[in-house]
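Working notes, beginning with the structure itself.
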Amino acid sequence: MEKLVLICETNFDRLDAFVAENTDISRSRAVKLIETGDITVNGSSVNKKASLKVGDRVEILVPDAVPLEAKAEDIPLDILYEDSFLLVVNKPKGMVVHPAAGNFDGTLVNALLSHCKGSLSGIGGVMRPGIIHRIDKNTSGLLMVAKNDNSHQHLAAQIKEHSFVREYEAVVYGNVKNDEGVINAPIGRHPVKRKQMAVTDKNSKEAVTHYTVIQRYNGFTHVRCRLETGRTHQIRVHMAYIGHPLAGDDVYGPKKVIKELEGQCLHAKKLGFIHPNGQYLEFESELPSYFKSFLAKLK
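Taking the working numbering, the leading residue of the sequence shown gets 25, the next gets one more, and so forth.
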């Protein structure tokens, strides 16, 4: 179990919201930690609705990650980098990042629990130990995993500050006319299709994607996308928003199935961040075979 200490710098209406905004702990999990007395204010247990004043000391005891349904599984991992603080892994297309309804085994977390033998940060909860950021099941590429809570906090802060380098490559439908551009459009839950995201002004958050054309083909364009923010399905939603959904994406694009892809053609190619020791690290992965095969077919 590790302890996090936060000092309130401005008045805040609710304790659970304060914890969620200033850590990588979800608001729902913060409520549970408050109820169990693992989050205190100035040394005392309080209600989740407790207001905070400037100077208040919030202590958070983060329980060690204990796998419940998530069990360690001996699944091979493509690890580009690993030390005592973190690891960078190249996730294959088709693998779910963490257990959830309908996917309790065969996930990246199941593999990590086996490989790291319990040395994973607990901030994400028992179903997401070590997970700082995610990519979709049918998106391949680089993910960073934290081995302890201090590393998790350090790395998550970079994502929040938009200083974390994340570049993707994708193939989209149509001919993207401009060689480069910026999509600045807020993303939130789709007002009707609640499992989907959408560009909307209602209950949304800022979302910014920078794109550059790599190569144009007949009916498709190969692009590079750099995330300034990291909203759920951001690249998929943004490219569809400008009329160029990802090839193979049957959620935000045409329902037409592209058999060679089995889902969106999207690869998380580059990660860059400041290591907890202060050193800047950058990693890049090769395009996977499904991606290269599809490009070869387009040529």
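Where is the CB? At the ideal position from N, CA and C, for every residue including glycine. Remember, predicted model here, so these are calculated numbers, not experimental data.
What are the boundary residues of the beta strand (DSSP E) that residue i is part of?
i, result
"Y235", "V232 to Y241"
"N227", "Unbroken run through N227: none, as it is neither H nor E."
"K294", "L290 to I298"
"E45", "Premise fails: E45 lies in the alpha helix (DSSP H), L39 to N46, not in any beta strand (DSSP E)."
"A170", "S164 to A170"
"K115", "L110 to K115"
"L311", "No beta strand (DSSP E) holds L311; DSSP gives it neither H nor E."
"A94", "Premise fails: A94 is in no beta strand (DSSP E) and is neither H nor E."
Hey, residue i and residue j: beta-carbon distance below 8 Å or not?
i, j, result
"V133", "P116", "no"
"L30", "V112", "no"
"D62", "L85", "yes"
"I207", "I266", "yes"
"P87", "H178", "no"
"S156", "D48", "Looking at the sequence shown, residue 156 is not Ser but Ile. It is a contact, given that the beta carbons lie within the stated cut-off."
"H214", "T245", "no"
"V261", "V223", "yes"
"I99", "A135", "yes"
"E193", "R248", "yes"
"E306", "V169", "no"
"T236", "E204", "yes"
"M221", "R250", "no"
"A96", "L137", "yes"
"L76", "V65", "yes"
"K171", "S108", "yes"
Between the options, which lies nearest to residue i when the distance is taken from Cα to Cα?
i, options, result
"A264", "G272, H257, Y276 and T253", "Y276"
"G149", "V113, V196 and A94", "A94"
"K321", "L290, L285 and K294", "L285"
"F36", "K56, D48, A292 and R81", "R81"
"N71", "H234, V78 and T60", "T60"
"V55", "A74, N174 and G67", "A74"
"E191", "D48, E308 and S68", "E308"
"M119", "A209, N162, A96 and S317", "N162"
"S317", "D40, I282 and N46", "I282"
"Q243", "A231, T253 and V200", "Rather than Gln, the amino acid found at residue 243 in this sequence is Gly. Comparing Cα positions, the closest option is V200."
"K27", "N174, F297 and M168", "N174"
"K226", "T233, T236, A209 and Y235", "A209"
"A180", "L290, N46 and Y197", "N46"
Could you spell out where the alpha helix (DSSP H) holding residue i opens and where it closes?
i, result
"C140", "L132 to C140"
"I183", "D173 to K184"
"M263", "Q258 to Y265"
"E59", "R51 to E59"
"Y105", "Note, Y105: premise wrong, no alpha helix (DSSP H); beta strand (DSSP E) at I103 to E106."
State buried or exposed for residue i, treating a residue as buried only when at least 16 other CB atoms are found within 10 Å of its CB.
i, result
"L144", "buried"
"Y241", "exposed"
"D160", "buried"
"Y304", "exposed"
"L104", "exposed"
"Q258", "buried"
"E164", "Position check: residue 164 holds Ser in this sequence, whereas Glu was assumed. S164 is buried by the Cβ-count criterion."
"Q239", "exposed"
"N114", "buried"
"R53", "buried"
"V78", "exposed"
"V43", "buried"
"T233", "buried"
"G287", "buried"
"T131", "buried"
"D129", "exposed"
"K293", "buried"
"G146", "buried"
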